[in-house]
Ligand SMILES: *Cc1c(COP(=O)(O)O)cnc(C)c1O
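Numbering (this note's numbering), first residue to last: 10 to 372.
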């Protein structure tokens with residue numbers, strides 16, 4: 010048999026994987042360090058009996074989308090369910106956006122280094138990717154970006170803010186300039202706010218029918234629900250309608266719709282947890298600042314740092330030997346010798362800081 014061959018443009022693409030090592034302190038994938046509240050599990054169990062398992066779920070996930078819109082009204086009072094599209098993780102949201110607005114013969118623009126799945130998913134759906142390098146300060150150079158948008162005419166421009174893996178928040182002026190450029194050249198601006206709840210501000214305030222911009226969010230980080238695979242975007246109603254033309258029917262199952270609604274009953278508890286994580290981020294940042302590493306300012310639940318005098322992969326291995334796992338970004342373009350640590354529980358953070366301090370020494 011000659012085996013069937015995958016598309017030529019996919020044949021050379023490596024998959025996307027994050028190394029999982031069995032350790033006591035896992036600070037490598039930016040998940041929440043704690044499970045959702047116990048009462049969430051109880052309430053979900055109780056509600057589960059009401060699911061009509063023999064029936065297809067609500068295809069438009071109306072209750073879930075209304076609940077999400079209501080939560081996000083703190084940023085933008087105009088939002089309703091028809092501004093929200095939900096899917097199996099914000100990665101599926103991105104895939105749906107790129108299926109609708111990218112695809113063969115079209116281009117997507119990214120600003121590297123950034124979330125690897127932006128370019129990966131774009132390529133999977135046949136979109137040509139134009140990768141621009143960030144400036145030395147790790148932020149987007151607005152003038153370069155606008156000139157390149159004018160030159161390449163991408164259909165989709167992908168921005169991650171706070172950016173993974175740098176943690177840095179893009180200035181509002183940059184996003185506003187990019188929206189303007191997208192308006193001029195009929196492109197769509199996607200702002201990935203997977204870590205938006207940890208940042209001081211959100212671009213949800215700017216979502217409107219007139220702006221070609223959509224903001225992507227997820228239950229995976231803030232809501233302690235990475236296992237549930239639930240994400241959403243908030244954008245103009247005309248965009249949401251197009252996304253529902255592209256996604257598979259009933260793509261969000263009844264159990265997940267229910268879980269997503271029940272989770273939002275615990276919004277006060279989650280906001281308290283986020284405030285605690287932000288405090289812990291500042292504690293870790295302060296300790297890193299006293300060590301022999303370079304640190305970038307973070308608006309997310311992780312921090313990027315670079316050992317000044319040691320090889321990052323050696324540092325990574327020595328942490329693993331102490332049963333602490335961080336993300337090794339040393340081989341990623343633009344992130345030479347960098348490591349990324351997720352903010353964990355106070356105990357985990359202290360253990361990480363004590364270990365790293367011994368390895369790299371003081372500033
Ligand atoms: C973690 C992360 C996501 C989340 O993806 P899900 O599919 O919702 O788990 C999206 N974007 C970025 C930048 C992330 O880091």
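The beta-carbon is built from N, C-alpha and C at its ideal position, and this holds for glycine as well.
For residue 147, does the three-state DSSP call read helix, strand or coil? DSSP places residue 147 in coil when its eight states are reduced to three.
Does residue 62 pass the burial test, meaning 16 or more other C-beta atoms within 10 Å, or should it be called exposed? Around the beta-carbon of residue 62, fewer than 16 other beta-carbon atoms lie within 10 Å, marking it exposed.
Rounded Cβ spacing between residue 246 and residue 91 (contact assumed at less than 8 Å): Contact between residue 246 and residue 91 holds: their C-beta atoms lie close to 5 Å from each other, under 8 Å.
Using 8 Å as the cut-off, classify the Cβ of residue 101 as near or not near the heavy atoms of ligand 1, replying yes or no. yes
Name, in chain order, the residues that DSSP records as bridge partners for residue 169. 201
Neighbour-count burial assignment, residue 282, 16 or more Cβ in a 10 Å radius: Here residue 282 is buried, its C-beta having at least 16 other C-beta atoms within 10 Å.
Does the Cβ-Cβ distance between residue 241 and residue 93 come in under 9 Å? Contact flag set, yes.
The stretch 251-260 contacting the stretch 195-208, beta-carbon criterion three pairs below 8 Å: They do not touch, by the three-pair rule.
Using only the alpha-carbon positions, how far apart do residue 109 and residue 355 sit? 42 Å
Who are the Cβ neighbours of residue 313 in its own chain at under 8 Å, not counting the five residues just before and after it? 174, 175, 176, 304, 305, 307, 338, 344, 347, 348 and 349
When burial is assigned at 16 or more other CB atoms within 10 Å of the CB, is residue 128 buried or exposed? buried
Suppose you measure from the CA of residue 151 to the CA of residue 194; what does that come to, to the nearest Å? 16 Å
Please report the residue range of the beta strand (DSSP E) in which residue 138 lies. 137-142
Cβ-heavy atom distance, residue 16 to ligand 1, below 8 Å: no
Looking only at its chain, what residues have a beta carbon closer than 6 Å to the beta carbon of residue 77, apart from the 5 residues adjacent to it on each side? 93 and 241
Terminal residues of the alpha helix (DSSP H) in which residue 174 lies: Neither: residue 174 is in no alpha helix (DSSP H) and is coded neither H nor E.
Quick one: is the Cβ of residue 2 within less than 8 Å of any heavy atom of ligand 1? Residue 2 falls outside the range modelled here, since the chain spans only 10 to 372, and no answer is possible.
Mind checking whether the beta-carbon of residue 231 lies closer than 8 Å to any heavy atom of ligand 1? no
Suppose only complete runs of 4+ residues qualify. What are the alpha helix (DSSP H) ranges in the stretch 206-289, listed by chain order? For the stretch 206-289, whole alpha helix (DSSP H) runs of length 4 or above, ordered along the chain, are 246-255 and 263-272.
Span of the alpha helix (DSSP H), counted from its first residue to its last, around residue 366: 355-369
In chain order, what residues of the same chain lie with their CB nearer than 8 Å to the CB of residue 43, ignoring the 5 residues before and after it? 233, 282 and 354
Examine ligand 1 and report whether any of its heavy atoms sits within less than 8 Å of the Cβ of residue 39. Indeed, a heavy atom of ligand 1 lies less than 8 Å from the Cβ.
Taking the CB atoms as reference points, tell me whether residue 213 and residue 243 lie closer together than 9 Å. yes
State whether the stretch 356-372 contacts the stretch 46-60, with contact taken as three or more CB pairs (one from each stretch) at a distance under 8 Å. no
Contact the stretch 156-176 vs the stretch 115-131: 3+ CB pairs below 8 Å: yes
Option in 269, 261, 165 and 333 with minimal Cα separation from residue 393: What the structure shows of the chain is the stretch from 10 to 372, and residue 393 is not part of that stretch, so it cannot be assessed.
Classify residue 226 as buried or exposed, calling it buried when 16 or more other Cβ atoms lie within 10 Å of its own Cβ. buried
I'd like to check one pair, residue 187 with residue 155: are the Cβ atoms closer than 9 Å? yes
In whole angstroms, give me the CA-to-CA distance for residue 196 and residue 122. 21 Å
Short Cβ contact (9 Å threshold) for residue 375 with residue 73: With the chain running from 10 to 372 in the structure shown, residue 375 is simply not present.
With distances taken Cα to Cα, identify the nearest neighbour of residue 361 among 341, 335 and 340. Relative to the Cα of residue 361, the nearest Cα in the group 341, 335 and 340 belongs to 335.
Verify whether the separation of the beta carbon atoms of residue 310 and residue 290 is less than 9 Å. Inclusion of residue 310 and residue 290 in the CB contact set at 9 Å is warranted, their separation being smaller than that value.
What is the DSSP secondary structure of residue 337, counted as helix, strand or coil? strand
Here's the rule I'm using: 16 or more other beta-carbon atoms within 10 Å means buried, otherwise exposed. How should residue 10 be labelled? exposed
Should residue 172 be labelled buried (16 or more other beta-carbon atoms within 10 Å of its own) or exposed? buried
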